[in-house]
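Notes to accompany the following structure.
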Amino acid sequence: MQITNNTVLNLVIGNPLTHTKSPYIHQYIYKYLGIDAILLARSSNSLASLIAAIRALDVKLTAVTIPFKEEVIHYLDDYSQEVEAIGSCNTIIQNAESLYGYNTDFYGLTYAFRQTPIYQKTALIIGAGGAARSAAYFLNEHKAKIYWLNRTIDKANKLALLFGGEVVSACLLNKLNIDVIINTTPIGLYPHHHATPLPNYHFNPDQIVFDMVYNPKATKLLRTAKKQQAICISGVDMFIGQAIKQVMLWQNRALPVDEIYHLLRTKCKL
């Protein structure tokens, strides 16, 4: 694309960002809508310096990813009810020098499960970060029973107190009747795509397995689950859904989500 003085600057911030496809996806959405904008990736160990740059450069839309989704809330001027309830923010919209935070991960999850009923199911959340908070909020909306699995038990206990549920150890998983598994960790993310958060787990037919990792699309977790006849949902659907919602919030208008979704799956080969 040709960048001019009128081109709007948007960002995705996180650390690391070697895996991110946000600039790629956003550029297709902007082109589809005829918006003169570009989204660039900026990585740093210092969230404070990133926020200072966002304010100084008047960045209109900022996508926030690991590990800043929780910490970034402290830098916002205001935020949505979902951010307050979930305790995680993945989207910042700047208007009149004010930073307003949103959580579109919840919307992305809803879109990913749009054809898969999970009402009152029993679910396992792997992880205890910002994405896990969104998953718990989503599952609570569907009256699901929650189990938590995380390497740091204290973090899992904290989220279990906030959102409900029971913390379990990996050695007990095969003894539990779990309907839905949601991986919210970066385990399996490129370039560590040979890793899985459940190396010794036996999946069941009709069990629903969702991996938030979208690069690669078919993670080792999903490949293993599919071989054992589980129902697999790629993180690509959530990724696209939440990205479209980010643009909707920035542009303050409704968009044809399904149409854009199919366009991105085709054009971006996701």
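Numbering-wise (our numbering), the sequence shown opens with residue 14 and increments by one. Just so it is clear, CB atoms sit at the ideal spot from N, CA and C, and this is done for glycine as well. Note that the structure is predicted; figures quoted are calculated from it, not measured.
For residue i and residue j, I'd like the C-alpha separation in whole angstroms.
i: S57; j: Q264; result: 27 Å
i: M225; j: A208; result: 14 Å
i: P29; j: G143; result: 16 Å
i: L276; j: Y45; result: 9 Å
i: K171; j: Q15; result: 48 Å
i: Q133; j: T33; result: 33 Å
i: A183; j: T20; result: 49 Å
i: Y150; j: L189; result: 22 Å
i: P80; j: G27; result: 6 Å
i: G254; j: S62; result: 29 Å
i: L283; j: Y227; result: 9 Å
i: Y41; j: T17; result: 18 Å
i: L60; j: T75; result: 13 Å
i: T237; j: M251; result: 20 Å
i: V249; j: K280; result: 14 Å
i: K239; j: Q220; result: 10 Å
i: E84; j: R146; result: 13 Å
i: Y43; j: T135; result: 39 Å
i: K158; j: I273; result: 33 Å
i: V193; j: L24; result: 33 Å
Mapping the DSSP letters down to three states, classify residue i as helix, strand or coil.
i: F223; result: strand
i: K233; result: helix
i: Y214; result: coil
i: V270; result: helix
i: S111; result: strand
i: V260; result: helix
i: S59; result: coil
i: I99; result: helix
i: G254; result: helix
i: N18; result: coil
i: V181; result: coil
i: L202; result: coil
i: G27; result: strand
Candidates the options: which alpha carbon is nearest residue i's?
i: I99; options: N228, G114 and N163; result: G114
i: V222; options: F252, Y203, N228 and I191; result: I191
i: N153; options: K168, L175, A169 and D167; result: L175
i: L112; options: V96, D91 and P130; result: D91
i: T129; options: L202, H155 and P199; result: H155
i: S93; options: T117, L74, V72 and L70; result: T117
i: P269; options: T198, I257 and T279; result: I257
i: Y88; options: A145, A173, R68 and G201; result: R68
i: I64; options: I48, Y43, I106 and V96; result: I106
i: E110; options: S101, V72 and E95; result: V72
i: S35; options: G47, R55 and I48; result: R55
Can you name the start and end residues of the beta strand (DSSP E) that residue i belongs to?
i: Q107; result: T104 to N108
i: L185; result: Neither: L185 is in no beta strand (DSSP E) and is coded neither H nor E.
i: G177; result: No beta strand (DSSP E) contains G177, which DSSP labels as neither H nor E.
i: Y160; result: K158 to L162
i: I75; result: Strictly speaking, residue 75 in this sequence is Thr, with Ile absent from that position. T75 -> beta strand (DSSP E) spans L74 to V77.
i: V193; result: V193 to N196
i: A136; result: T135 to I139
i: I246; result: I244 to I246
Counting along the chain, where does the alpha helix (DSSP H) carrying residue i start and finish?
i: Y37; result: S35 to L46
i: F126; result: It is not in any alpha helix (DSSP H) - F126 carries neither H nor E in the DSSP assignment.
i: S93; result: Counting along the chain, S93 falls outside any alpha helix (DSSP H), and DSSP gives it neither H nor E.
field: Any 3 or more C-beta pairs closer than 8 Å across the stretch 128–142 and the stretch 160–173
entry: Taking a cut-off of 8 Å on C-beta distances, the stretch 128–142 touches the stretch 160–173, as three or more cross pairs fall below it.
- request: For the stretch 107–122 and the stretch 236–247, state whether three or more C-beta atom pairs, one from each stretch, are separated by less than 8 Å.
  value: Under the three-pair Cβ rule at 8 Å, the stretch 107–122 does not count as touching the stretch 236–247.
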